[in-house]
Amino acid sequence: MALVEVQVPDIGDFDEVTVIELMVKVGDTVKTEQSLITVESDKASMEIPSSTAGVVKELRVKLGDKVKQGSIVLVVEAAATAPAAPAQPAAAPAPAPAAAPVSVSNTAPAQQNIAGAAINSVAGIKEVKVPDIGDFKDVAVIELLVKVGDTVKVEQSLMTVESDKASMEIPSSHAGVVKELKVKLGDKVNIGDVIAMVEGAGAAAAAPASASAPTPVSSPAQLAISAPAAMAAASSSAAASAVAAPAHNPTIAPTGSLPHASPSVRKFARELGVPLGEVKGSGPKGRITEEDIQGFTKSVMSGAIKTLAAAAASPSGSDGGAALGLIPWPKVDFAKFGTVERKDMSRIKKISGANLHRNWVMIPHVTNHDDADITELEAFRVQMNKENEKAGIKITMLAFLIKACVAALKKFPDFNSSLDGDQLVLKQYFHIGFAADTPSGLVVPVIKDADKKGVLQISKEMGELAAKAREGKLSPADMQGACFTISSLGGIGGRYFTPIINAPEVAILGVCKSQMEPVWDGEKFAPRLMLPLSLSWDHRVIDGASAARFNAYLGQILGDFRRVML
Ligand code: CAO
Numbered sequence: 012m013a014l015v016e017v018q019v020p021d022i023g024d025f026d027e028v029t030v031i032e033l034m035v036k037v038g039d040t041v042k043t044e045q046s047l048i049t050v051e052s053d054k055a056s057m058e059i060p061s062s063t064a065g066v067v068k069e070l071r072v073k074l075g076d077k078v079k080q081g082s083i084v085l086v087v088e089a090a091a092t093a094p095a096a097p098a099q100p101a102a103a104p105a106p107a108p109a110a111a112p113v114s115v116s117n118t119a120p121a122q123q124n125i126a127g128a129a130i131n132s133v134a135g136i137k138e139v140k141v142p143d144i145g146d147f148k149d150v151a152v153i154e155l156l157v158k159v160g161d162t163v164k165v166e167q168s169l170m171t172v173e174s175d176k177a178s179m180e181i182p183s184s185h186a187g188v189v190k191e192l193k194v195k196l197g198d199k200v201n202i203g204d205v206i207a208m209v210e211g212a213g214a215a216a217a218a219p220a221s222a223s224a225p226t227p228v229s230s231p232a233q234l235a236i237s238a239p240a241a242m243a244a245a246s247s248s249a250a251a252s253a254v255a256a257p258a259h260n261p262t263i264a265p266t267g268s269l270p271h272a273s274p275s276v277r278k279f280a281r282e283l284g285v286p287l288g289e290v291k292g293s294g295p296k297g298r299i300t301e302e303d304i305q306g307f308t309k310s311v312m313s314g315a316i317k318t319l320a321a322a323a324a325s326p327s328g329s330d331g332g333a334a335l336g337l338i339p340w341p342k343v344d345f346a347k348f349g350t351v352e353r354k355d356m357s358r359i360k361k362i363s364g365a366n367l368h369r370n371w372v373m374i375p376h377v378t379n380h381d382d383a384d385i386t387e388l389e390a391f392r393v394q395m396n397k398e399n400e401k402a403g404i405k406i407t408m409l410a411f412l413i414k415a416c417v418a419a420l421k422k423f424p425d426f427n428s429s430l431d432g433d434q435l436v437l438k439q440y441f442h443i444g445f446a447a448d449t450p451s452g453l454v455v456p457v458i459k460d461a462d463k464k465g466v467l468q469i470s471k472e473m474g475e476l477a478a479k480a481r482e483g484k485l486s487p488a489d490m491q492g493a494c495f496t497i498s499s500l501g502g503i504g505g506r507y508f509t510p511i512i513n514a515p516e517v518a519i520l521g522v523c524k525s526q527m528e529p530v531w532d533g534e535k536f537a538p539r540l541m542l543p544l545s546l547s548w549d550h551r552v553i554d555g556a557s558a559a560r561f562n563a564y565l566g567q568i569l570g571d572f573r574r575v576m577l
């Protein structure tokens, strides 16, 4: 098997960059395009991908080394099927056209064209276009750094775009006043796209070629916040926009100094929901590393630090509301009006409260209500329980609901998904959470692989998990991995309610108490046992028509459970 030297590709104007992160070690198996090291200059932060799949045999660079185009990064023993790359010139990690930083560097010659093309002056108003960003296609706008009316200088960054390997700020090719922004958060842009109109301040200079280069940087955006806002903006629902808007509140997003981190670290932060702007970087020049994200997560989990979102979730704390830019929470001396007693919130309530608040603020919720006729199903359940009395397992309506939801999730897979940036993660498994009321607060144990289990087994597991929940003995594993949650208040009462989605899930079913109701059967009113259903769904992923169909299908199954087998 051939030994292949992986070299730093053409990184254009960014020569003599410093190795600031080693992402692989000797013995690691790497794929083509897998990031190997992160390099940085004062203007750039980018990951150098492998041109070859195979096993790392030797590392030729160490932290702090200066490298440039053609420097050998490491030696890979190429996998049998991997395309041999050593004969490639230094600048071309050829088999990897999509993500190579070579695309960033290739900007140098083409930039000049772009800089020229950008001078499209109509009555002093000039177009600013996306310069050559090489092979990067359809990069997402993740942050707008200016707004209409702002005065910008040549080279001032207007917005940040991101691919999976690099993030870049797109600079203005002209000085003047921003008259129009042609893109919004979440839009995908490509070379040559007009992103802004700038009214020149007299003789606005066209940017020199190098000035037009996109500047790969660590992103200042808090993606967890900006992405949902962007998607909501594209939504047709006014309610969705209204709910999502505060989530992008600039008082939450970091302002001023920009978090400094590589794309992979930012992706990692996004996956964990870590607000990058609140993490202190321990790397060179305050760069945020993966370890910093892990450390921050541990500190939040242990309660040593609080995120701004969690602070905002604290309803009566001194910071209540301030982080969201709201007026302060009312401070009242209740004792003035009568005797009071103070009680600490339970740990579960504090944790679930912060989660519920984040989910409520960040997810554009909509709830569809419907009814299911469970007359026959309830009769069957009662009958089964009589027959099974000796076995000691009580079959609950909730167990039937779990099975029915699995069938509906199979028919409407978007409900069995999670949002990850611009992608929808569609799950091929069916783990269903159910809200359980305990003396210390609300918990959500999970029935794993509910599609592979019968109603009896689900009832048994639910009984065991609910008992563990009440005793405070649920393990983290008992509460992880849910695809969809059911919150049943059926044993208590009520008609309908608005359950809050358990992020990162995209829907939740609320169930209330069934009642005998007169239902018109075409000829007369007949007494039927009707179960009220309340389905909350994330309008970024699901639309009203799908939600109505989901509920209708659920109703059909609950009305005739034989349909579950179809
Ligand atoms: N309609 C009418 N009766 C119902 C019903 C429904 N939809 N669902 C349950 N019942 C009945 C049961 O049949 C049972 O009656 P019997 O004792 O006569 O047999 C009784 O209500 C109690 O049921 P249960 O609550 O013990 O069992 P369950 O399977 O319905 O629920 C559990 C189990 C753990 C979900 C429940 O105990 C619980 O904690 N529910 C609260 C969930 C919650 O708080 N959700 C809100 C979240 S948002 O704050």
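With the first letter of the sequence shown counted as 1, position 1 gets the number 12 in the working numbering; the numbers rise by one all the way through. Here a beta-carbon is modelled for each residue, glycine too, at the ideal position from N, C-alpha and C.
Practice task
Could you tell me whether any non-hydrogen atom of ligand 1 is closer than 7 Å to the CB of V72?
Solution key: Outside the cutoff, so no.
Exercise for the section: In the DSSP assignment, find the unbroken alpha helix (DSSP H) run with W340 in it and report its ends. Expected result: Note, W340: premise wrong, no alpha helix (DSSP H); not H, not E.
Handout entry: With 16 other Cβ atoms within 10 Å as the buried cut-off, status of W531
Key = Flag for W531 reads exposed.
Practice task
Classify S132 as helix, strand or coil using the three-state DSSP reduction.
Solution key: Model confidence at S132 stands at a pLDDT of 40, short of 50, so the residue's coordinates are unreliable and nothing is read from them.
Exercise for the section: Would you please state the rounded distance, in angstroms, between the beta carbons of V517 and A461? I believe it to be under 8 Å. Expected result: Contact flag wrong, Cβ pair sits at about 17 Å.
Handout entry: 8 Å Cβ cutoff met for F279 and E302
Key = Contact flag unset, no.
Exercise for the section: Verify the CB distance criterion: does N366 have a CB-CB separation below 8 Å to chain B? Expected result: Of the chains in the structure shown, none is chain B; there is only one protein chain.
Handout entry: Beta-carbon proximity check, L14 vs V72, cutoff 8 Å
Key = Between L14 and V72, the C-beta spacing is not below 8 Å.
Handout entry: Alpha carbon of G75 to alpha carbon of E51, nearest angstrom
Key = C-alpha separation (whole angstroms): 10 Å.
Exercise for the section: Determine the direct distance from the alpha carbon of Q18 to that of F441, and round the result to whole angstroms. Expected result: Computed Cα separation, rounded: 44 Å.
Handout entry: Inter-residue spacing [alpha-carbon to alpha-carbon] between T49 and I413
Key = Note on geometry: alpha-carbon atoms of T49 and I413 lie some 46 Å from one another.
Exercise for the section: Note down the Cα distance separating V276 from I299, rounded to an integer number of angstroms. Expected result: Computed Cα separation, rounded: 8 Å.
Exercise for the section: Please confirm whether A447 and V454 have their CB atoms less than 8 Å apart. Expected result: Contact check for A447 against V454 passes: the beta carbons are separated by less than 8 Å.
Practice task
With hydrogens ignored, establish whether the beta-carbon of L542 is closer than 7 Å to any heavy atom of ligand 1.
Solution key: True, at least one ligand heavy atom lies under 7 Å from that Cβ.
Practice task
Could you say which of V377, I31, R369 and D431 lies nearest to L546 if we only look at CA atoms?
Solution key: For L546, the closest alpha carbon among the candidates V377, I31, R369 and D431 is that of V377.
Practice task
Would you mind giving the Cβ-Cβ distance between S46 and I59, rounded to the nearest angstrom? I have them listed as a contact below 8 Å.
Solution key: The distance from the Cβ of S46 to that of I59 is about 7 Å, consistent with a contact at the 8 Å cut-off.
Handout entry: Assigned exposure category for R353 - 16 Cβ within 10 Å defines buried
Key = The residue is exposed, with fewer than 16 neighbouring Cβ atoms inside 10 Å.
Practice task
Can you give me the Cβ contacts of P120 inside the same chain, cut-off strictly under 6 Å, excluding the 5 residues immediately before and after it?
Solution key: Residue confidence for P120 is low, a pLDDT of 30 falling below 50, so the modelled location carries little weight; the figure read from the coordinates is stated next. The answer is none, since no qualifying residue turns up.
Practice task
Along the beta strand (DSSP E) that carries Q526, what are the first and last residues, could you check?
Solution key: Taken as a continuous stretch (DSSP letters only), the beta strand (DSSP E) holding Q526 covers Q526 to W531.
Practice task
In the DSSP assignment, find the beta strand (DSSP E) that holds S544 and state where it starts and stops.
Solution key: As written in the sequence, residue 544 is Leu, which differs from the Ser given in the question. In the DSSP assignment, L544 falls within the beta strand (DSSP E) that extends over F536 to D549.
Practice task
Give a single yes or no on whether D448 has its beta carbon closer than 7 Å to a heavy atom of ligand 1.
Solution key: Yes, the Cβ of D448 comes within 7 Å of a heavy atom of ligand 1.
Handout entry: Straight-line Cα distance separating P450 from A93
Key = Because A93 sits at a pLDDT of 41, beneath the cut-off of 50, its placement in the model cannot be relied upon, and the point is left open.
Handout entry: S174 (DSSP reduced to helix, strand or coil)
Key = In the structure shown, S174 sits in coil (DSSP, three-state: anything other than H, G, I, E or B).
Handout entry: Assigned exposure category for R574 - 16 Cβ within 10 Å defines buried
Key = Note on R574: under 16 other CB atoms within 10 angstroms of its CB, so exposed under the neighbour-count rule.
Exercise for the section: Evaluate E173 with the Cβ neighbour count: other Cβ atoms within 10 Å of its Cβ, from every protein chain shown; 16 or more gives buried, anything less gives exposed. Expected result: E173 comes out buried.
Exercise for the section: Output the distance between the C-alpha atoms of P375 and S363, rounded to the nearest integer angstrom. Expected result: In this model, P375 and S363 are separated by some 19 Å (Cα to Cα).
Exercise for the section: Give the DSSP-derived three-state secondary structure of K68 in the structure shown. Expected result: Strand at K68.
Exercise for the section: In the DSSP assignment, find the beta strand (DSSP E) that holds P274 and state where it starts and stops. Expected result: For P274, there is no enclosing beta strand (DSSP E); the residue is part of the alpha helix (DSSP H) that begins and ends at P274 to L283.
Handout entry: Inter-residue spacing [alpha-carbon to alpha-carbon] between D161 and V205
Key = Using only the alpha carbons, I get a separation of about 17 Å.
Practice task
Using only alpha-carbon positions, find the residue among N399, R506 and F495 that is nearest to Q468.
Solution key: Closest option to Q468, Cα to Cα, is N399.
Practice task
From the DSSP output, read off the bridge partner residues of L430.
Solution key: DSSP lists L435 as partners of L430.
Problem - Own chain, CB closer than 7 Å to S429, minus 5 neighbours either side, in chain order - result: Close CB contacts of S429 within its chain, under the 7 Å cut and outside five residues either way in sequence, are with V436, P515, E516 and V517 (chain order).
Problem - Where A224 falls, given that 16 or more other Cβ within 10 Å makes a residue buried - result: Annotation note: pLDDT 44 at A224 (below 50); position unreliable, no value reported.
Practice task
Compute every distance between the C-beta of K463 and the non-hydrogen atoms of ligand 1, then say whether any falls below 7 Å.
Solution key: Proximity of the beta carbon of K463 to ligand 1 is not indicated: no heavy atom of the ligand is located closer than 7 Å.
Problem - Proximity test, P510 beta-carbon vs ligand 1 heavy atom, cut-off 7 Å - result: P510 Cβ: within cutoff of ligand 1.
Handout entry: Extent of the continuous alpha helix (DSSP H) run through V372
Key = Residues R358 to M373.
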